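Below is one structure; the comments refer to it alone.
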Ligand SMILES: [Fe+2]
Ligand SMILES: [Fe+2]
């Protein structure tokens, strides 16, 4: 018979709480990207809209990865209240800039989770969080490139962004 562990959880209360908070941020990102996609659709920018609906789906997948991790490690899931996303934008550039700012914020939060996992010598969590660390590189660089092209095109020629996205 294997050894019985007194403590049946593989995660600290503190890290579980921090991950629950992160689930809120991922869901908030999902809602925000969905709202931005609808804004792009209102401008008939179909490729941009499609890209942001997909981003919204991906953020929900991120949230679910965290949910399953808590479930598997026995951590307590406490999904927080999700603040409403911003629905009104004055330009495409503003919406893309907001998305990039958001990705930087998420990157900082993921790094904070990793710092906590390192401090707690939680090797399992470090392994799990590594995927998110790498994912953020892609997320930030995708938004940075999109913003560069949007700024080069300018709001008057923003239709060029649709052509840019066709080459992906
Ligand atoms: Fe995410
Ligand atoms: Fe993201």
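Residue numbers (my numbering): 6 to 173. Where is the CB? At the ideal position from N, CA and C, for every residue including glycine. Only a predicted model underlies this, so the values are computations on that prediction, with no experimental measurement involved.
Let me make sure I understand the geometry here. Which of the options has the alpha-carbon closest to that of residue i?
i: residue 134; options: 163, 105, 121; result: 121
i: residue 23; options: 85, 102, 152; result: 85
i: residue 25; options: 69, 164, 171; result: 69
i: residue 39; options: 90, 15, 16; result: 90
i: residue 141; options: 119, 45, 92; result: 119
i: residue 152; options: 52, 102, 143; result: 102
Excluding five sequence neighbours on each side, which residues of the same chain lie with their C-beta closer than 7 Å to the C-beta of residue i?
i: residue 109; result: 145
i: residue 30; result: 111, 114
i: residue 34; result: 64, 107, 111
Along the alpha helix (DSSP H) that carries residue i, what are the first and last residues, could you check?
i: residue 132; result: 128-158
i: residue 91; result: Here residue 91 belongs to no alpha helix (DSSP H), and DSSP marks it neither H nor E.
i: residue 185; result: Outside the shown range of the chain, which is 6 to 173, sits residue 185, and nothing can be said about it.
i: residue 14; result: Segment: none, residue 14 is in no alpha helix (DSSP H) and carries neither H nor E.
By Cβ distance below 6 Å, which residues in the same chain neighbour residue i in space, the five residues on each side in sequence not counted?
i: residue 37; result: 90
i: residue 148; result: 104, 105, 108
Looking only at its own chain, which residues have a Cβ that is under 8 Å from the Cβ of residue i, when we skip the five neighbours before and after it?
i: residue 79; result: 13, 14, 15, 16
i: residue 155; result: 97, 98, 101, 163, 166
i: residue 54; result: 42, 43, 45, 46
Use the C-beta contact count for residue i: other C-beta atoms within 10 angstroms, 16 or more gives buried, fewer gives exposed.
i: residue 49; result: exposed
i: residue 168; result: exposed
i: residue 159; result: exposed
i: residue 74; result: buried
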